[in-house]
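The working numbering puts the first residue of the sequence shown at 33, with every later residue one more than the last. From the three backbone atoms N, C-alpha and C, an ideal C-beta is built for every residue, glycine too. Remember, predicted model here, so these are calculated numbers, not experimental data. Notes to accompany the following structure.
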Amino acid sequence: MFYNKKVHAMTTKLILPGRISPLSLLGRLLKGPAYDGAHYCLVVDENSYAHCLPQVVSRVAAFEEAEFVEVPVGEDCKSIEVATHVWQTLLESKADSNTVIVCLGGGAVCDLGGFVAATYRRGLRHINIPTTLVAMADAAIGGKTALNLDGVKNQVGVVRMPEVVCIDPSFLDTLPPAELLSGVFEVVKTAAVADADLFLKMVAGTVPPASAQAISQVAAIKQAVVKADPNDHGIRHILNFGHTFGHAIEAHSSATGVALPHGIAVGIGMLMAMRLSVLKTGLPRESYDTYRRFVLQYVETPHFTLIDAEQMLAYIKTDKKNHDGLVLAVLMRNLGEPIIDIPLSDNEIRDTLLSGGLLA
Ligand code: GLY
33 MFYNKKVHAM
43 TTKLILPGRI
53 SPLSLLGRLL
63 KGPAYDGAHY
73 CLVVDENSYA
83 HCLPQVVSRV
93 AAFEEAEFVE
103 VPVGEDCKSI
113 EVATHVWQTL
123 LESKADSNTV
133 IVCLGGGAVC
143 DLGGFVAATY
153 RRGLRHINIP
163 TTLVAMADAA
173 IGGKTALNLD
183 GVKNQVGVVR
193 MPEVVCIDPS
203 FLDTLPPAEL
213 LSGVFEVVKT
223 AAVADADLFL
233 KMVAGTVPPA
243 SAQAISQVAA
253 IKQAVVKADP
263 NDHGIRHILN
273 FGHTFGHAIE
283 AHSSATGVAL
293 PHGIAVGIGM
303 LMAMRLSVLK
313 TGLPRESYDT
323 YRRFVLQYVE
333 TPHFTLIDAE
343 QMLAYIKTDK
353 KNHDGLVLAV
363 LMRNLGEPII
373 DIPLSDNEIR
383 DTLLSGGLLA
């Protein structure tokens, strides 16, 4: 047969929340011809092992005979040592082209498991089953895989599309509140850059960001953006809205011992990016105020010193999206109308950080 059903898919099938449980739909899909003879290796973090795995195995019969590899929770799993442990497990279990890696966990597990899948024997198929809101709305979709190197996040990795992403919001019931809030800001971010109407409904509370409806809409937006720019050379940058400042806030918070979850740092980073958008690219003040009211319900604006701002400026200058020594950020001219690659001067960055995102 010329067509080999085991070839790696270039696009991803999204299984979204609906009338039928997404996990049941995944169970049905894995009974189909594309998965004849497949065996599965589940990469699972400790939390998902305890809280999500029983539900997954009860709904997806194909996983009854699966191999399991347990990995540390969060960014600690994205190391070469943990990747080696998973590769060794695959070797010991004689994994071959019939092996499908299944990543069950948050964004870090999807990053690690996707990287292992992309590299083992030059590439195995993989499926993501995200268990956190950040992963459902963002990290599990789009094929970015990564390990961290010497404390630098996502420094090693490739883009490799998961074959399936199965999004089941029932997992959110077991999520700690800070982790859920972190996801809320990633959901709101995607709506802010791509769907002004959805954004306004979210911040007004008509469509809660952690609802099945919001997650489905945002996942579909992400899928469309990734399809337009899978390798992140252009339009996909819009998904980094709020991340130039957000990553710096996240890194600074963890260096000072009060590590903020990624999405919460991005939520503050978005306020800073909207403030700059009012000043630089014509975002209406009213749009900024609408978001400011929303974000301040959940977090306080940070107070950075001049020394903090210098450290964060140095961090921002290492951003992978920068070019020719210029810091390039995503701003917006309107809700749903982002502009990528806007150069920021050192003074604009300092001033924005020192403002805490507040506009007089
Ligand atoms: N998280 C942004 C992206 O996947 O491009």
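Is the beta carbon of K176 within less than 7 Å of some heavy atom of the ligand GLY?
Counting from 1 along the sequence shown, the entry for residue 176 is found at position 144. Yes; taking the cut-off as 7 Å, the Cβ of K176 has a heavy atom of the ligand GLY nearer than that.
Is the beta carbon of A223 sitting closer than 8 Å to the one on L230?
By 1-based counting over the sequence shown, the position of residue 223 is 191. By 1-based counting over the sequence shown, the position of residue 230 is 198. Taking 8 Å as the Cβ cut-off, A223 and L230 qualify as a contacting pair.
Which residues in the same chain as Y320 place their Cβ atom closer than 6 Å to its Cβ, once the five residues preceding and following it in sequence are excluded?
For the purposes of this step, residue 320 is identified with residue 288 of the sequence shown, where counting begins at 1. For Y320, where only same-chain residues beyond five positions count, the Cβ hits under 6 Å are M306 and V310.
Per the DSSP calculation, K45 is bridged to which residue(s)?
Working through the sequence shown from its first residue, we reach residue 45 at position 13. Per DSSP, V196.
Excluding the five sequence neighbours on either side, which residues of its own chain have a C-beta within less than 7 Å of the C-beta of A291, listed in chain order?
Translated into the one-based positions of the sequence shown, residue 291 becomes position 259. Excluding positions up to five away in sequence, the list reads S285.
Rounded to the nearest angstrom, what separates R157 and T121 at their Cα positions?
Locating residue 157 in the sequence shown gives position 125, where the first residue counts as 1. Locating residue 121 in the sequence shown gives position 89, where the first residue counts as 1. For R157 and T121, the distance between alpha carbons rounds to 16 Å.
Which residues in the same chain as A171 place their Cβ atom closer than 6 Å to its Cβ, once the five residues preceding and following it in sequence are excluded?
Along the sequence shown, one-based indexing puts residue 171 at 139. For A171, where only same-chain residues beyond five positions count, the Cβ hits under 6 Å are G139 and C142.
What residues in its chain sit with their C-beta under 7 Å from that of V239, if we drop five residues either side in the sequence?
Taking the first residue of the sequence shown as 1, we reach residue 239 at position 207. Same-chain partners within the cutoff: L230, K233, Q245 and A246.
Mapping DSSP to helix, strand and coil, what is K221?
Residue 221 sits at position 189 when you count from the first residue of the sequence shown. Correct three-state label for K221: helix.
Could you have a look at N272 and say whether DSSP puts it in helix, strand or coil?
Stepping through the sequence shown from its first residue, residue 272 is reached at position 240. In this structure, N272 counts as helix in the three-state DSSP scheme.
Let's see if you can read the secondary structure: which residues bound the beta strand (DSSP E) around T131?
Walking along the sequence shown from the start, residue 131 turns up at place 99. Counting along the chain, the beta strand (DSSP E) containing T131 begins and ends at T131 to G137.
For S377 and G357, I'd like the C-alpha separation in whole angstroms.
Position 345 of the sequence shown, counting from 1, holds the residue named residue 377. Position 325 of the sequence shown, counting from 1, holds the residue named residue 357. So the two alpha carbons sit approximately 11 Å from each other.
Using a Cβ distance threshold of 8 Å, determine whether the region 293 to 305 contacts the region 256 to 274, with at least three qualifying pairs required.
Yes: at least three Cβ pairs fall under 8 Å.
Reducing DSSP to helix, strand and coil, say where V75 ends up.
Locating residue 75 in the sequence shown gives position 43, counting from the first residue. Three-state DSSP puts V75 in a strand.
When you compare the CB of V132 with every CB in chain C, is at least one pair closer than 8 Å?
In summary, chain C is missing from the structure at hand, where a single protein chain is found.
Where do the ends of the beta strand (DSSP E) carrying P370 lie?
Counted from its first residue, the sequence shown places residue 370 at position 338. Its beta strand (DSSP E) spans residues E369 to L376.
Would you call the region 203 to 222 and the region 248 to 266 in contact, with 3 or more CB pairs under 8 Å?
Verdict: yes, contact present.
Who are the near neighbours of N79 in its chain, counting only those whose CB is closer than 7 Å to its CB and skipping five residues on each side?
As a working note, residue 79 is residue 47 in the sequence shown. Closer than 7 Å at the Cβ level, and outside the excluded window around N79, lie V105.
Less than 8 Å between the C-beta atoms of T116 and G137, yes or no?
Residue numbering aside, residue 116 sits at position 84 when the sequence shown is read from its first letter. Residue numbering aside, residue 137 sits at position 105 when the sequence shown is read from its first letter. Against a cut-off of 8 Å, the Cβ pair of G137 and T116 comes out as no contact.
Do V88 and L55 count as a contact pair if the criterion is CB distance below 8 Å?
Counting from one through the sequence shown, the residue named residue 55 turns up at place 23. Counting from one through the sequence shown, the residue named residue 88 turns up at place 56. Yes, Cβ-Cβ distance for L55 and V88 is below 8 Å.
Near S206, which residues of its chain fall below 7 Å by C-beta distance, leaving aside the five closest residues on each side in sequence?
Numbered from its first residue, the sequence shown carries residue 206 at position 174. Note that residue 206 is Thr in the sequence shown here, rather than Ser. Same-chain partners within the cutoff: H83.
Tell me whether N263 counts as near the ligand GLY, meaning its Cβ is closer than 7 Å to at least one heavy atom of that ligand.
Position 231 of the sequence shown, counted from the start, is the residue given in the question as residue 263. For the ligand GLY, not one heavy atom lies less than 7 Å from the Cβ of N263.
Please return the same chain residues whose Cβ sits closer than 6 Å to the Cβ of L390, not counting the five positions on each side in sequence.
For this step, residue 390 is matched to residue 358 along the sequence shown. If we look at L390 and ignore the five residues flanking it on each side, its Cβ neighbours are T333.
Should L271 be counted as a contact of the ligand GLY given a C-beta to heavy atom distance under 7 Å?
Stepping through the sequence shown from its first residue, residue 271 is reached at position 239. It does: the Cβ of L271 is within 7 Å (strictly closer) of some heavy atom of the ligand GLY.
Suppose you measure from the CA of I199 to the CA of M344; what does that come to, to the nearest Å?
In the sequence shown, counting from the first residue as 1, residue 199 sits at position 167. In the sequence shown, counting from the first residue as 1, residue 344 sits at position 312. Using only the alpha carbons, I get a separation of about 35 Å.
Could you tell me if M42 is buried or exposed, where buried requires 16 or more neighbouring beta carbons within 10 angstroms of its beta carbon?
Taking the first residue of the sequence shown as position 1, residue 42 is located at position 10. Exposed is the call here.
According to DSSP, is E211 part of a helix, a strand, or is it coil?
As a first step, residue 211 is located in the sequence shown; it is residue number 179 there, counting from the start. The answer is helix: DSSP assigns E211 an H, G or I state.
The alpha helix (DSSP H) spanning Q329 covers which residue range?
Here residue 329 refers to the residue found at position 297 of the sequence shown. Segment: none, Q329 is in no alpha helix (DSSP H) and carries neither H nor E.
Mind listing, in chain order, the continuous beta strand (DSSP E) runs of no fewer than 3 residues lying wholly within the region 61 to 121?
You should have 71 to 77 and 99 to 103.
Kindly list the residues whose CB is nearer than 8 Å to the CB of N130, restricted to its own chain and excluding five residues on each side of it in sequence; keep chain order.
Along the sequence shown, one-based indexing puts residue 130 at 98. Same-chain partners within the cutoff: K38, G69, A70 and H71.
Look at R365 and T313 and say whether their C-beta atoms are less than 8 Å apart.
Translated into positions along the sequence shown, residue 365 becomes position 333. Translated into positions along the sequence shown, residue 313 becomes position 281. It is a contact, given that the beta carbons lie within the stated cut-off.
By DSSP's criteria, G360 is part of a beta bridge. Which residues make up the other side?
Mapped onto the sequence shown, residue 360 falls at position 328. Here the sequence assigns Leu to residue 360, which means Gly is not the residue at that position. DSSP output for L360 lists P375 as bridge partner(s).
Return the chain-ordered list of same chain residues with a C-beta closer than 6 Å to the C-beta of T44, the five sequence neighbours on each side being excluded.
For the purposes of this step, residue 44 is taken as the residue at position 12 of the sequence shown. Cβ within range, chain order: M193, P194 and V197.
Would the beta-carbon of D170 be found less than 7 Å away from any heavy atom of the ligand GLY?
Counted from its first residue, the sequence shown places residue 170 at position 138. Yes.
Under a three-way DSSP split, which group does K185 fall into?
Along the sequence shown, read from residue 1 onward, the residue named residue 185 stands at position 153. K185 falls in the strand class under three-state DSSP.
Based on the DSSP secondary-structure assignment, which residues constitute the bridge partners of V191?
In the sequence shown, the residue the question calls residue 191 occupies position 159. BP columns for V191 point to K176.
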